[in-house]
Amino acid sequence: MPPSFTDIGKSARDLLRKNFDLGIRFFSFKGKNDNLEFLGRVDNAFRVGKLLGTFESEYNLKEYGLTLKEKWSSKGLMSADVSVDGQIMDGLCNTLKTEYNMESGYNRVSLKSVYKKEYINGQVDFQFRSPLPDVVQSLVVGHQDYLVGADLHYDAFQKELRRVDFAFAYSVKDFGFHGIVTNWARTFTTGVYQRLTDRLEYAAEVTWNRDVPAHNWAIACQFATDSDQKHILKVKLDSLQRISVSLKNRIYDGITTAVCAMINDVEETQIGFGVEIER
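Each residue of the sequence shown is one higher than the last, beginning at 225 in the numbering used here.
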């Protein structure tokens, strides 16, 4: 089944970006109890002296295809959504979502429909910022491990097509290659991901813009020191000559520590560390 348009190339992006929480001390807690899942996280950006907390929960009623979610943050952002999956039509999921910012008074309601079958993943999202909704549409078609997708953003209030993006990819179990064209065919991104063994994997991504001579690139490698993946080391090098390193250690079942650092000749060395608990 094809992924959504935003998930094309996700394996490469996750390896390149996750676990590099630079300049942050964090604590996260994730739990599950029957049909209820919840996740809380506190981030302390000690370089700038800011504290941010988020909490989200999800309640599933599988017999009715119903999912209830809510999320809030210490910045005053709140959201809640209701999803109904497979009740109207097999493969069709409809989601109603509300968002509200207590500080600015900004609010938005959106209605999203996702249709997924063996060779297709289509989405339509109506975002009501005004009586006329913005429309975000995407379609991904897959055939024999190849994917082709398009993503369109239409501003109904301004009567303007804001964005049209295209993507193509080749994806199998342990290997993936993707290319994405954005910014009205001005920005091009290509990436690759491969799992070499059950303990070693790598990813690389390059982005260039027709209007800017410099290219941005990054390459990363992840290595698990043991077959149980209790200790995972990740090293990344990017086009700004920055070397980033992260290490995750599962010290007990459900308790993981994480530490990361970024080093180069120009910028000040940055570090980050935290604790993750899952029950």
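Beta carbons: idealized from backbone N, C-alpha and C, even for Gly.
Residue environment, residue i, which counts as buried when at least 16 other CB atoms sit within 10 Å
{"i": "T413", "result": "buried"}
{"i": "E327", "result": "exposed"}
{"i": "P226", "result": "buried"}
{"i": "A236", "result": "buried"}
{"i": "L420", "result": "exposed"}
{"i": "I404", "result": "buried"}
{"i": "G498", "result": "buried"}
{"i": "Q465", "result": "exposed"}
{"i": "S395", "result": "buried"}
{"i": "D489", "result": "exposed"}
{"i": "D450", "result": "exposed"}
Residue i, DSSP secondary structure in three states
{"i": "F229", "result": "helix"}
{"i": "Y378", "result": "strand"}
{"i": "L239", "result": "helix"}
{"i": "E287", "result": "helix"}
Cβ neighbours of residue i in the same chain (closer than 7 Å, five flanking residues each side left out)
{"i": "P357", "result": "F350, Q351 and A380"}
{"i": "R332", "result": "E323, Q351, F352 and R353"}
{"i": "L240", "result": "A427, E429, A442, A444 and K460"}
Reference residue i, options the options, closest by Cα
{"i": "Y283", "options": "V272, K295, G277 and K274", "result": "K295"}
{"i": "G244", "options": "N259, I487, K254 and D375", "result": "Contrary to the premise, residue 244 reads as Phe rather than Gly in this sequence. Ranking N259, I487, K254 and D375 by Cα distance to F244 puts I487 first."}
{"i": "Q494", "options": "E500, F251 and V483", "result": "V483"}
{"i": "N259", "options": "H367, K286, D422 and L246", "result": "K286"}
{"i": "F229", "options": "L320, K256, F392 and R387", "result": "F392"}
{"i": "K458", "options": "K293, K472 and K256", "result": "K472"}
{"i": "V272", "options": "A304, K293, G247 and T481", "result": "G247"}
Beta-carbon proximity list for residue i, same chain, < 6 Å, skipping 5 on both sides
{"i": "G315", "result": "Y339, K340 and K341"}
{"i": "S468", "result": "F244, K460 and M486"}
{"i": "Q311", "result": "G289"}
{"i": "V360", "result": "D349 and H377"}
{"i": "L263", "result": "K254 and E280"}
{"i": "I344", "result": "V365"}
{"i": "T431", "result": "T413 and N440"}
{"i": "M302", "result": "W296 and Y324"}
{"i": "D398", "result": "R419"}
{"i": "Y417", "result": "S235, A236, G400 and A427"}
{"i": "A448", "result": "R423 and I456"}
8 Å CB neighbourhood of residue i in its chain, flanking five on each side removed
{"i": "G478", "result": "I501, E502 and R503"}
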